[in-house]
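Q: Going by our numbering, the sequence shown opens with residue 4, and the numbers climb by one from there. For every residue, glycine included, the Cβ atom is placed at its ideal position computed from N, Cα and C. For reference, the structure I am asking about is given below.
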Amino acid sequence: MMRFYLTYFLLALLTALPVTAQNEAVQAFDEGTQFLMDGDFPNAINAFAMAERAGWASTELYYNVGLAHYRMDHLGQAIQYLERALLLDSENEKVVHSLNVARLRTQDQFSQLPDPFWKKLHAWTARVMPMRTAFWLGISIWFGFGALVIVRLLFAVRGDWWRRMRVISGALGALLLIHALATSAWPPTDPMAVILASEVDLVEQADPGAASVQNVHEGLVVHIKSRTSEWTFIQIPNGIRGWVPQSVLGEI
């Protein structure tokens with residue numbers, strides 16, 4: 004009997020933990036929203052950070068954080084969080100408008116290097132068939148393929164229809180799994196970040212003494228190509244690449 008009560012207590016505790024964290028996140032978000040409405044932007048940012056640490060992630064949260072940073076003239080952080088909000092809801096007019104307003108204040112206006120055809124195709128296939136959908140659908144089809152093979156072996160079922168179904172299910176399942184694994188290993192888009200420092204030089208090597216490649220300024224959105232322990236190799240919109248300290252970047 005004691006073991007039963009102990010098990011029940013542990014299950015109840017484990018169930019209550021996510022609920023408690025969610026309540027804390029909601030409370031912190033509400034407090035942050037009130038601070039934002041009152042014009043207390045530092046406390047609003049702190050409250051929103053508590054909500055984020057508690058597991059809260061939403062368009063509204065990131066929009067509010069971006070707005071608070073913008074009101075404090077933190078252009079880099081404002082664009083960072085507005086870009087996060089845009090990723091969650093690309094058609095939100097409020098987010099799009101605020102992000103466009105913030106972008107107008109950025110100093111760097113580089114031309115955009117067009118993506119190669121293969122990268123556009125990769126991004127399109129990833130949108131049409133997301134990685135997780137492709138993986139689980141591929142697994143399901145392969146289970147069906149396995150069932151067809153077992154039926155063929157156990158019951159000696161023959162016929163063109165059964166053979167075609169085995170070929171189609173095997174090929175389609177394999178194709179979906181390959182697509183899922185390839186998308187996981189080579190994402191269609193690079194991770195993005197925002198320059199948070201007022202200005203910084205892209206350098207040729209991960210070394211403070213390396214030659215400068217390009218000077219960039221706060222608020223510029225860049226693509227992350229690789230990292231070391233302290234440096235990040237990035238690409239700016241016009242295709243120029245170089246190293247910057249990790250501390251000057253805010254990941255989107």
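Evaluate G242 with the Cβ neighbour count: other Cβ atoms within 10 Å of its Cβ, from every protein chain shown; 16 or more gives buried, anything less gives exposed.
A: Burial call: exposed.
Q: Would you mind sorting Q263 into buried or exposed? The rule is 16 or more other CB atoms within 10 Å of its CB.
A: The chain is shown only over 4 to 255; residue 263 falls outside these bounds and no answer can be derived.
Q: Could you tell me the alpha carbon to alpha carbon distance between A200 and G245, rounded to whole angstroms?
A: Taking the straight line joining both Cα atoms gives about 16 Å.
Q: Quick one: what does DSSP say S232 is sitting in, helix, strand or coil?
A: S232 falls in the coil class under three-state DSSP.
Q: If contact is defined by three or more beta carbon pairs under 8 Å, each pair taking one atom from either stretch, is the region 132 to 149 in contact with the region 173 to 189?
A: Yes, they touch.
Q: Whose C-beta lies closer than 7 Å to the C-beta of A54 among residues of the same chain, with five residues either side of it excluded?
A: For A54, where only same-chain residues beyond five positions count, the Cβ hits under 7 Å are A28, A31, F32, G35, L64.
Q: Hey, out of N26, G58, A57, N67, whose CA is closest to M40's CA?
A: Nearest of N26, G58, A57, N67 to M40, Cα basis: N67.
Q: By Cβ distance below 7 Å, which residues in the same chain neighbour W59 in space, the five residues on each side in sequence not counted?
A: Here the set comprises A28, F32.
Q: In whole angstroms, what is the alpha-carbon distance linking A50 and G79?
A: Roughly 19 Å separates the two Cα atoms.
Q: So if DSSP puts L252 in a beta bridge, which residue, or which two residues, is it bridged to?
A: BP columns for L252 point to I198.
Q: Which of the three DSSP states, helix, strand or coil, is assigned to W127?
A: W127 falls in the helix class under three-state DSSP.
Q: Measuring only the C-alpha atoms, how far is A88 from Q112?
A: Whole-angstrom Cα-Cα distance: 22 Å.
Q: Who pairs with H226 in a beta bridge, going by DSSP?
A: Per DSSP, M195, Q238.
Q: Per DSSP, what kind of secondary structure is S93 in: helix, strand or coil?
A: Of the three classes helix, strand and coil, the one that applies to S93 here is coil, per DSSP.
Q: Taking the C-alpha atoms as reference points, what is the distance between D193 and G173?
A: Cα-Cα distance, rounded: 32 Å.
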